[in-house]
């Protein structure tokens, strides 16, 4: 490696970010379990920790752990890519503590204050009540400062050191990522305008800038783990950026079908969001193709050893290629056409897509980055799987896929009974909730959620102990 | 020997990515200007002059709101103040809202402001969906104002023992766990009488937004489904 862990403060900072990220991932799963139990046993923690609070923590912990892991990933790969130590690392460390402290306070307020009176003070200090970006306004401002500091470090390092294609993509992507957050910070009485700009943050994060970020991580991973050729990988990365932004930016139209916005978004949203799976197919093929190619080059030399230098990380990267395509691509495509979305919008079907997409597209590759950090920290040349690595990936992937299948089946009931037949009324909603498919689907979702959580425990154990195992090549 | 092809040149693909991204962004920004103008909130004058807005002004609470199939658009649209010959809003028929149909622009605006703030601070979206966005633990509220359950013959209005839809909704919002309809209940969120009034105004206003026919067939189908 160009820059070893012992000499790089940037890599040390990365491991801090990964540690908090993994902790918040655990919180996300725990509060997800609470919400899943409430679907099955509605009295569970009623008026103590209601579904609305559990779910708010569930989805906020999700977003924040991913942002932490994304920052960590950049701090990890920067010294390798640029060949220098990250500029402004002292500021980076300070901002890490500010960010961690702010998140802690926000979560404590969510849990112990929960709701406030209908005034601006609640919006400033409790939460904003806007799904995914509920963080109160003081935290919004804090997050903006932290994000700007992070972007400044990335830019200063990219300008001073060797600016590879991967670093160039990250610089452009992260400034958009930080800037877009600003569009979700204001208050308006007009709910259509509110949701219009809310999607600028949510959609342009998860269906544009975050996907490009994943493309850059995959490129870095292929070079680092199987020795793929940089020229080829970076050319693919640029093609992916063109495809992701080309489809994803205007694909935003699929969120503008029903929120008061004009009809032309039907056509724009349908066309561009239908193209969104294409780059995900391309990424999937690219990862598998490069793996086969590098292994083939070894075989041609008469070697039959694996080219992979980090088995668990590479497994998670492969899960990312597959999960991104299935969860974001296929499950998204299922309901992206307005004529389908008229009935599926806001049902358990959406929930099925949300679970597999966030997991497949982001959780997987970020867990892979954590394994790369464990390898670097312990100065291991080839990191092999342990039993826990295999249990972790099997149970987490199996659990999330199981939840997705259960929610998809529940979703069919929801769509057909509550929407298509009953027209989305109060009575129609509860008729659908009482159907066998939906009731049993949510029981299976809970069981699969438990499987996922047990997998998470294996993951934590593995991340903490795999570096000490003796079967690696040092 | 052939010269190197542009198709395998990283600079070429970098420029392609920049151009594609730039083009998509410019188009999005241009459409944002058009959409923003179309979804800006209307005024009381618009309602009085019969100007249809996708998002009407707050004084829409003084009018009767329904959700009717429109022949031209081939989906349901909100109809404000009764229907005219073209099947769109006539802006004529008024309706009492908490005993009055003459809420001024300031009064109605203040009520909507309070209601929208309450919808956020009470975290409605983490159980319900609004315009179809949010959580799926409780019914969609986009057209809740028009739900037959809250109407004069509806079970919800009867349960609260109130005379009007708005009073019934406000009563429920203040004491939701006193009126359980299913094992899954709405928790008490400390909603005051004034906040409840604001929330009901917010819901009535929400139902008057033109959502391109979402949700389909709202409140039109009643009766046996799934063997019930």
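Chains as they are written, first to last, in our numbering: chain A, 4 to 477; chain B, 955 to 1182. The C-beta atom is built at its ideal place from N, Cα and C for all residues, glycine as well.
Quick check on the burial criterion: 16 or more other C-beta atoms within 10 angstroms. Buried or exposed for residue 1178 of chain B? Any reading at residue 1178 of chain B must be qualified, since the residue scores a pLDDT of 47, below 50, and its modelled position is unreliable; the value itself is stated next. It counts as exposed.
Unbroken alpha helix (DSSP H) runs of length 4 or more, entirely within the segment 980 to 1062 of chain B: which are they? Runs found: 998 to 1002.
Cα-Cα, which of A:459, A:429, A:473 is closest to residue 1138 of chain B? Ranking the options by Cα distance to residue 1138 of chain B, first place goes to A:429.
So, does the CB of residue 1161 of chain B fall closer than 9 Å to a CB anywhere in chain A? By this cut-off, residue 1161 of chain B is not an interface position.
For residue 1047 of chain B, collect the residues of the same chain with a Cβ closer than 8 Å to its Cβ; drop the 5 residues on either side in sequence, then sort them by chain order. The beta carbon of residue 1047 of chain B sits closer than 8 Å to the beta carbons of 1017, 1018, 1035, 1036 from its chain, once the five residues preceding and following it are set aside; these are given in chain order.
Assign residue 1083 of chain B to one of three DSSP states: helix, strand, or coil. Correct three-state label for residue 1083 of chain B: strand.
Run through DSSP, which three-state label would residue 129 of chain A get? Here residue 129 of chain A sits in coil by DSSP.
Beta-carbon gap between residue 388 of chain A and residue 315 of chain A smaller than 9 Å: The Cβ atoms of residue 388 of chain A and residue 315 of chain A lie closer than 9 Å to each other.
When the Cα atoms are used, what is the spatial distance from residue 330 of chain A to residue 1083 of chain B? Each residue's alpha carbon lies about 22 Å from the other.
Distance, Cα to Cα, residue 400 of chain A vs residue 311 of chain A? Looking at the backbone, the Cα of residue 400 of chain A and that of residue 311 of chain A are separated by about 21 Å.
Close Cβ partners of residue 923 of chain B (< 6 Å) along its chain, the five nearest in sequence each way excluded: There is simply no residue 923 of chain B to check, as chain B begins at 955 and stops at 1182 in what is shown.
Anything in chain A within Cβ reach of residue 1172 of chain B, meaning under 8 Å, just list it in chain order. Residues of chain A passing the Cβ test: 426, 427, 428.
Span of the alpha helix (DSSP H) holding residue 912 of chain B? Outside the displayed span of chain B (955 to 1182) sits residue 912 of chain B, for which this structure offers no information.
Provide the residue(s) that pair with residue 252 of chain A in DSSP beta bridges, ordered along the chain. As far as DSSP is concerned, residue 252 of chain A takes part in no beta bridge.
Counting only beta-carbon atoms, is residue 1034 of chain B nearer than 9 Å to chain C? Structure shown: chain C not included; protein chains present are A and B.
Compare the C-beta of residue 120 of chain A against all C-beta atoms of chain B and say whether one is closer than 9 Å. For residue 120 of chain A, the answer is yes, since a Cβ of chain B falls inside 9 Å of its Cβ.
Within 9 Å (strictly less), CB to CB, does residue 1061 of chain B reach chain A? Closer than 9 Å: no.
Residue from A:375, A:358, A:419, A:372 with nearest C-alpha to residue 406 of chain A: The residue with the shortest Cα to Cα distance from residue 406 of chain A is A:358.
Taking the alpha carbon of residue 63 of chain A as the point to measure from, which residue in A:368, A:12, A:238, A:130 has its own alpha carbon closest? With distances taken between Cα atoms, residue 63 of chain A lies closest to A:130.
Which chain B residues are close to residue 134 of chain A, counting only those with a beta carbon under 9 Å from its beta carbon? Against chain B, the beta carbon of residue 134 of chain A has neighbours under 9 Å at 1079, 1080, 1087, 1088, 1089, listed in chain order.
Looking at the C-beta of residue 1053 of chain B, does it have a partner C-beta in chain A at a distance below 9 Å? False, the Cβ-Cβ gap to chain A never drops below 9 Å.
Keeping to the same chain, check which residues put their C-beta closer than 7 Å to that of residue 912 of chain B; ignore five residues upstream and five downstream. The structure shown has nothing for residue 912 of chain B, since chain B only spans 955 to 1182.
Sub-9 Å separation of residue 1152 of chain B and residue 1095 of chain B beta-carbons: Their beta carbons are not under 9 Å apart, which means residue 1152 of chain B does not touch residue 1095 of chain B by this criterion.
Is the distance from the Cβ of residue 95 of chain A to the Cβ of residue 47 of chain A below 9 Å? Using a Cβ distance threshold of 9 Å, residue 95 of chain A and residue 47 of chain A do not count as a contacting pair.
Would you say the beta carbon of residue 85 of chain A comes nearer than 8 Å to a heavy atom of the ligand SAH? Absence of the ligand SAH from the depicted structure is noted, as is the absence of any ligand whatsoever, leaving it without description.
Name, in chain order, the residues that DSSP records as bridge partners for residue 313 of chain A. Residue 313 of chain A is bridged by DSSP to A:386.
Selection from A:41, A:445, A:67, A:50 that minimises the alpha carbon distance to residue 352 of chain A: It is A:445 whose Cα lies nearest to the Cα of residue 352 of chain A.
Just to make sure I have the definition right: I need the residues of chain B whose C-beta is within less than 8 Å of the C-beta of residue 58 of chain A. Which are they? The answer, in chain order, is 1080, 1081, 1089, 1091.
Could you give the distance in angstroms between the alpha-carbon of residue 175 of chain A and the alpha-carbon of residue 85 of chain A? As the crow flies, the alpha-carbon of residue 175 of chain A is around 16 Å from that of residue 85 of chain A.
Go to residue 288 of chain A, then tell me how far its alpha helix (DSSP H) extends in each direction, as first and last residue. 280 to 303 is the span of the alpha helix (DSSP H), which, as asked, contains residue 288 of chain A.
Once the 5 residues before and after residue 1187 of chain B are set aside, which same chain residues still bring their CB inside 7 Å of it? This structure leaves residue 1187 of chain B out entirely; chain B is present only between 955 and 1182.
Could you tell me which chain B residues have their CB closer than 7 Å to the CB of residue 351 of chain A, listed as they occur along the chain? Within chain B, the residues whose beta carbon sits less than 7 Å from that of residue 351 of chain A are 1090, listed in sequence order.
Considering Cα atoms alone, identify which of A:279, A:213, A:223 is closest to residue 80 of chain A. That would be A:223, whose Cα lies nearest to the Cα of residue 80 of chain A.
List the residues of chain A whose Cβ lies closer than 7 Å to the Cβ of residue 1103 of chain B, in chain order. Against chain A, the beta carbon of residue 1103 of chain B has neighbours under 7 Å at 428, 429, 430, listed in chain order.
Beta-carbon proximity of residue 1006 of chain B to residue 1024 of chain B, cut-off 9 Å: No Cβ-Cβ contact shorter than 9 Å links residue 1006 of chain B with residue 1024 of chain B.
So, at 8 Å on beta carbons, what are the nonlocal neighbours of residue 1092 of chain B in its own chain, with the 5 sequence-adjacent residues on each side left out? Within the same chain, residue 1092 of chain B has close Cβ partners 1081, 1082, 1138, 1140.
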